[in-house]
Amino acid sequence: MIKILLLCILCSLIIFIAYKISAYYKQRQMLFENLCEFCNYMQTEIGFLKTDITASIDKFNNCSSKDFSKVLKLYLTTLKQSQNFYDDFMESLSKLNLLKTNEKEKICSFFDSLGKSSQQEQIAQIENFKK
Numbered sequence: 034m035i036k037i038l039l040l041c042i043l044c045s046l047i048i049f050i051a052y053k054i055s056a057y058y059k060q061r062q063m064l065f066e067n068l069c070e071f072c073n074y075m076q077t078e079i080g081f082l083k084t085d086i087t088a089s090i091d092k093f094n095n096c097s098s099k100d101f102s103k104v105l106k107l108y109l110t111t112l113k114q115s116q117n118f119y120d121d122f123m124e125s126l127s128k129l130n131l132l133k134t135n136e137k138e139k140i141c142s143f144f145d146s147l148g149k150s151s152q153q154e155q156i157a158q159i160e161n162f163k164k
């Protein structure tokens, strides 16, 4: 009887751990899908509509996942309040456990480059980042 109870507890524990691991990777996948959608959206906004970056981000932020929404909110907050954007944004991203360090660096450099060059250069940078 005790063996059956222990076996049930062990199976439940394994199922719980598997669920948590799959939820983590599902969140990562959703974050990167939203990042790709954001890149496509920004290419359109910059290329055709020439909308202000903060207004574009506010508009996109309403339809993104909660994790990517956090990234966008951190970006807007850091953009408005920071003198040293890259370091401050990197520090803010360090709180996000879904991303590895090299992914955080790439995302940080991508957001750091937004709005700092000509229209064609920005579109090329976005296209390069998507690869």
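Just add 33 to the spot in the sequence shown (first one is 1) and you have this note's numbering. Where is the CB? At the ideal position from N, CA and C, for every residue including glycine.
Let me confirm a value: residue i is counted as buried when at least 16 other C-beta atoms fall within 10 Å, else exposed. Which label applies?
i	result
C141	buried
I79	buried
N161	exposed
S97	buried
Q158	buried
Y52	exposed
Q155	buried
Who are the Cβ neighbours of residue i in its own chain at under 6 Å, not counting the five residues just before and after it?
i	result
L105	I90 and N94
Between the C-alpha atoms of residue i and residue j, what's the straight-line distance to the nearest angstrom?
i	j	result
T134	C44	34 Å
Q116	A56	36 Å
R61	L131	6 Å
L68	A88	17 Å
Y74	T84	11 Å
L64	F143	15 Å
T77	K113	24 Å
I47	L109	40 Å
K59	E66	10 Å
K92	Q152	20 Å
K36	L107	50 Å
I50	E70	30 Å
K99	L39	38 Å
M34	I54	31 Å
Determine, using beta carbons only, whether residue i and residue j come nearer to each other than 7 Å.
i	j	result
L126	I86	no
D145	F118	yes
D121	T111	yes
K163	C41	no
Can you confirm whether residue i, when its beta carbon is compared against all beta carbons of chain C, has any partner nearer than 7 Å?
i	result
E78	Judged by its chain identifiers, the structure shown contains no chain C, having just a single protein chain.
For residue i, tell me which candidate among the options has the shortest Cα-Cα distance.
i	options	result
Q123	K113, K139 and Q114	Note that residue 123 is Met in the sequence shown here, rather than Gln. Measuring from the Cα of M123, the nearest candidate turns out to be K139.
L129	Y108, L109 and K103	K103
What does a CB cutoff of less than 8 Å around residue i pick up in its chain, not counting 5 residues either side in sequence?
i	result
K137	M123, L126, S127 and L129
S150	Q158
Kindly list the residues whose CB is nearer than 7 Å to the CB of residue i, restricted to its own chain and excluding five residues on each side of it in sequence; keep chain order.
i	result
L82	none
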